[in-house]
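J.: Positions -19 to -1, 1 to 228 (mature numbering (1 follows the signal peptide of the UniProt record, and there is no 0)) are the ones given, in order, by the sequence shown.
From the three backbone atoms N, C-alpha and C, an ideal C-beta is built for every residue, glycine too.
Predicted model, so just to flag it, every value in this text is computed and none were measured.
Can you read through this structure? Questions will come right after.
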Amino acid sequence: MKKIIVALAFLALPALGVAAGGADYPLQVAPIDLHNKASLQKGARLFVNYCMGCHSLEHQRYNRMARDIGLTDEQVKSNLIFTGAKVGELMKNAMPKSDAKQWFGVAPPDLTLMARSRGVDYLYTYLQTFYLDPTRPFGVNNVVFPNAGMPHVLWELQGLQKPVYEVHKDKAGNETKTLKGFELVQPGSMSPPEFKEAMVDLVNFLAYVGEPIQLQRQSLGIWVVLFLFLASVVFYLLKKEYWKDVH
């Protein structure tokens, strides 16, 4: 029993980490749909154009991705490979980790399992909550992950925003600030609804990458449950037939 409790606690750790990460700011629900191949394709394009300069997907191959999200190898080679890699290779970037650590303070993590470890709601909210902060090295901060070392690489799409606080005073006159939302200071190439939809696509793609087999697994699970149901009926009838003459 003790081993079972320890195992369950270990499995709960990723969820606890997500809750802690977003404890001071409510996480938005990411409306992902892994059956939406158009969304997955747009998410893949966003990832290789804006994220793959620093982050890699070291456990995902280009050709496997192409097959799963409805692209041909030629489309991937023409539109999604900028490092000279072959279509059968893993999705690694060209940035040396030693240089990355020197530039950012820590080497940017591989994102293959990020959606599974942090959760899609965490990523969806994180990508939308960068704000101007002149005290930070890259001039931006993040509400969900305070003092993150990552620059706001999507600022050209989203624009630049500043936080808007609501000030509360207690009976002693002490002030506390609550984040109310954000105000757009410099518009990006996308409107706020368009950027939100783009982040759905990007997180959708990362959710797929975290477990590429999940769609097939879910489909197979339906047949397994159906088989077990039919088998239980057969076993029940066999049991009745076997025991009908036993008194």
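Looking at C-alpha atoms only, which residue of LYS150, VAL57, ASN74 and LYS78 is the closest neighbour of TYR31?
T.: ASN74
J.: If you compare alpha carbons, which of TYR43, GLN109, LYS23 and VAL148 is closest to residue 238?
T.: For the chain, the structure presents residues -19 to 228; residue 238 sits outside this window and is missing.
J.: Report yes if the C-beta distance between PHE186 and PHE28 is below 8 Å; otherwise report no.
T.: yes
J.: According to DSSP, simplified to helix, strand and coil, what is PHE111?
T.: Under the three-state reduction of DSSP output, PHE111 falls in the strand class.
J.: Can you find the residues in the same chain that come closer than 7 Å, C-beta to C-beta, to LYS58, ignoring five residues on each side of it along the sequence?
T.: VAL68
J.: Strictly by DSSP, which residues pair up with GLN167?
T.: Answer is LEU141, bridged to GLN167.
J.: How big is the Cα-Cα spacing for LEU(-12) and GLN56?
T.: Per-residue confidence for LEU(-12) stands at a pLDDT of 39, beneath the threshold of 50, marking its modelled position as unreliable; no derived number is given.
J.: Between the C-alpha atoms of SER37 and TRP204, what's the straight-line distance to the nearest angstrom?
T.: 35 Å
J.: Report all residues from its chain with a CB closer than 6 Å to the CB of MET171; omit the five preceding and five following residues, and keep chain order.
T.: LEU138
J.: Between GLY140 and GLY120, which are expected to be in contact by the criterion C-beta below 8 Å, what is the C-beta distance as a whole number of angstroms?
T.: So it is not a contact: roughly 14 Å between Cβ atoms.
J.: Of all the CB atoms in chain B, is at least one closer than 8 Å to the CB of VAL166?
T.: The structure shown contains no chain B; it holds only a single protein chain.
J.: Per DSSP, which one or two residues make a beta bridge with THR157?
T.: Beta-bridge pairing by DSSP links THR157 to HIS149.
J.: When you compare each of ALA212, VAL124 and MET131 to GLY86 by their alpha carbons, which one comes out closest?
T.: MET131
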